[in-house]
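2 protein chains.
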Amino acid sequence: MTSAETDDTAFLRAAIRAERKRWTEARHAVWEAFLQSQEGLTIPEAVKRVKALGIGQATVYRNVRELLQMGLLQWVHDPNGDHRFIAARMPHGHPVVCQRCKRVIWVDCHGLSAVERLAALETGFTVKGHHLEIFGLCPNCSRLSPDGEPHPGKPKSPRKPRR
Amino acid sequence: MTSAETDDTAFLRAAIRAERKRWTEARHAVWEAFLQSQEGLTIPEAVKRVKALGIGQATVYRNVRELLQMGLLQWVHDPNGDHRFIAARMPHGHPVVCQRCKRVIWVDCHGLSAVERLAALETGFTVKGHHLEIFGLCPNCSRLSPDGEPHPGKPKSPRKPRR
DNA sequence: GTCGTTGCAAAACATTTGCAGGCCT
DNA sequence: AGGCCTGCAAATGTTTTGCAACGAC
Chain A
1 MTSAETDDTA
11 FLRAAIRAER
21 KRWTEARHAV
31 WEAFLQSQEG
41 LTIPEAVKRV
51 KALGIGQATV
61 YRNVRELLQM
71 GLLQWVHDPN
81 GDHRFIAARM
91 PHGHPVVCQR
101 CKRVIWVDCH
111 GLSAVERLAA
121 LETGFTVKGH
131 HLEIFGLCPN
141 CSRLSPDGEP
151 HPGKPKSPRK
161 PRR
Chain B
164 MTSAETDDTA
174 FLRAAIRAER
184 KRWTEARHAV
194 WEAFLQSQEG
204 LTIPEAVKRV
214 KALGIGQATV
224 YRNVRELLQM
234 GLLQWVHDPN
244 GDHRFIAARM
254 PHGHPVVCQR
264 CKRVIWVDCH
274 GLSAVERLAA
284 LETGFTVKGH
294 HLEIFGLCPN
304 CSRLSPDGEP
314 HPGKPKSPRK
324 PRR
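Just so you know, the sequences run in chain order A and B.
According to my numbering, the first sequence is numbered sequentially starting from 1.
According to my numbering, the second sequence is numbered sequentially starting from 164.
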């Protein structure tokens, strides 16, 4: 656990240097919180996790903003549209999110650049980037519920769109 | 303008029937507000637009939630992560968003199902769906600013992640 | 020493809820 | 008539801000 930490810590340290920002305990702790979460965190969740370390919520908000800008964090949604943030481990990877257990696996872009090129051709846009999330069931959950929810688009308990 | 409206109104009417929900003026007005916006609306923006018609904000929240569930609305982000909602005109289409003027053009899935299949193979997930947004500059804005922002990922004015 | 960063608490903003009455079907 | 929908206003929850002190460089 401690040896793996070194790696991710170095990742953060390098990004901070590149941005000429400063290394602080709080920054590190926020990053760690996201790293240690398999399924991503909403900001309030992250706040809860680091409050014990004496870190204020404003600091979490400020740091999440920066980590996003540095590309160390990426956002994902559950199908309800709820915003979660997750440590971006693979450069240019895309999250595959299990709708049941919320596990996330990263996959490469694959042929997506082809889609970009095609979109560019069709629309005349100069394509600068994209955001792709894939939803489904992880192998384990898939086994548990062969076809759990009849209507993935119409959950029983209508959830909030949250801005 | 009035003749085109018929089409979209019918779209809404059909969806409402299919869901056994009720046709109301408020529901229609909210839908219209999103239809008439090229670049999508945040909920507070939508509230502002229909307030003049005597529609309360709670109603807007409630209806956006339902339109989302019906698949009539789709969410998009600006690169900062801000949540906007936009009328989904093309079934299974994906928004191509101009980062400058915020114009949105819809494109088809293209080969994306191939990406889904590949992701399924690599991760073992049972893939149920995806969410793709493509960012770039529309032809017009592209001409205006051949390379406007040097760092699309690092805007000068750090914006809020908003949950 | 400088200035980016921080925690705190309050302000600002966004979203949900309870309820009585209205209006689709 | 029945019950989904609505507007209102208050309750809740989320995000930002101001500021003095702290700590990294």
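Glycine residues also receive a C-beta, built at the ideal position from the N, C-alpha and C atoms.
Residue from the options with nearest C-alpha to residue i
i, options, result
"Ile297/B", "Leu198/B, Val193/B and Cys272/B", "Cys272/B"
"Arg62/A", "Arg84/A, Ala26/A, His94/A and Arg89/A", "Ala26/A"
"Cys301/B", "Thr222/B, Thr289/B, Cys264/B and Ala173/B", "Cys264/B"
"Arg49/A", "Val97/A, Val30/A, Trp23/A and Cys98/A", "Val30/A"
"Asp171/B", "Thr187/B, His191/B and Glu279/B", "His191/B"
"Cys98/A", "His293/B, Gly219/B, Val223/B and Ala277/B", "His293/B"
"Gln327/B", "Thr286/B, Pro258/B, His240/B and Ile249/B", "Since the first and last residues shown for chain B are 164 and 326, residue 327/B lies out of range."
"Asp82/A", "Leu144/A, Thr126/A, Glu39/A and Ser142/A", "Glu39/A"
"Arg266/B", "Val76/A, Arg143/A, Gln69/A and Phe125/A", "Phe125/A"
"Gly71/A", "Lys51/A, His94/A, Gly54/A and Ala52/A", "His94/A"
"Leu204/B", "Arg180/B, Ala173/B and Ala251/B", "Ala251/B"
"Ser230/B", "Lys291/B, Ala181/B, Leu275/B and Thr286/B", "Checking the sequence shown, residue 230/B turns out to be Leu, not Ser. It is Ala181/B."
"Val334/B", "His255/B, Val259/B and Val210/B", "Because chain B spans 164 through 326 in this model, residue 334/B falls outside it and cannot be assessed."
"Val223/B", "Ala215/B, Ala209/B and Leu275/B", "Ala209/B"
Alpha helix (DSSP H) segment containing residue i, residue limits
i, result
"Cys304/B", "Pro302 to Leu307"
"Arg84/A", "Arg84/A -> not in any alpha helix (DSSP H); beta strand (DSSP E) instead, spanning His83 to Ala87."
"Pro209/B", "In the sequence as presented, Pro is not what sits at residue 209/B; that position holds Ala. Start and end: Ile206 to Lys214."
Three-state secondary structure (DSSP) of residue i
i, result
"Trp31/A", "helix"
"Lys184/B", "coil"
"Phe135/A", "strand"
"Arg62/A", "helix"
"Phe288/B", "coil"
"Leu231/B", "helix"
"Gln201/B", "coil"
"Leu175/B", "helix"
"Pro318/B", "Unreliable placement is indicated for Pro318/B, whose pLDDT of 33 sits below 50; no coordinate value is reported for it."
Between the CA atoms of residue j and residue i - distance to the nearest angstrom
i, j, result
"Gln237/B", "Ala119/A", "18 Å"
"Ala33/A", "Pro44/A", "12 Å"
"Leu295/B", "Leu121/A", "17 Å"
"Arg163/A", "Leu175/B", "Its pLDDT being 46, under 50, Arg163/A is placed unreliably by the model, and nothing is read from it."
"Trp23/A", "Ala58/A", "17 Å"
"Val227/B", "Val278/B", "30 Å"
"Asn173/A", "Asn303/B", "Nothing can be reported for residue 173/A, as the shown portion of chain A is limited to 1 through 163."
"Ile268/B", "Gly299/B", "11 Å"
"Ala329/B", "Lys184/B", "In this structure chain B extends from 164 to 326, so residue 329/B is not present and cannot be described."
"Arg247/B", "Leu216/B", "22 Å"
"Val290/B", "Lys214/B", "41 Å"
Endpoints, the beta strand (DSSP E) within which residue i is located
i, result
"Ile268/B", "Val267 to Val270"
"Cys261/B", "His257 to Cys261"
If contact means a Cβ-Cβ distance below 7 Å, which residues of the region 133 to 145 of chain A contact chain B?
Glu133, Ile134, Phe135, Gly136, Leu137, Cys138, Pro139 and Ser142
Along the region 101 to 132 of chain A, what residues have a CB closer than 7 Å to any CB found in chain B?
Ile105, Val107, His110, Gly111, Leu112, Ala114, Val115, Glu116, Leu118, Ala119, Glu122, Thr123, Gly124, Phe125, Thr126, Val127, Lys128, Gly129, His130, His131 and Leu132
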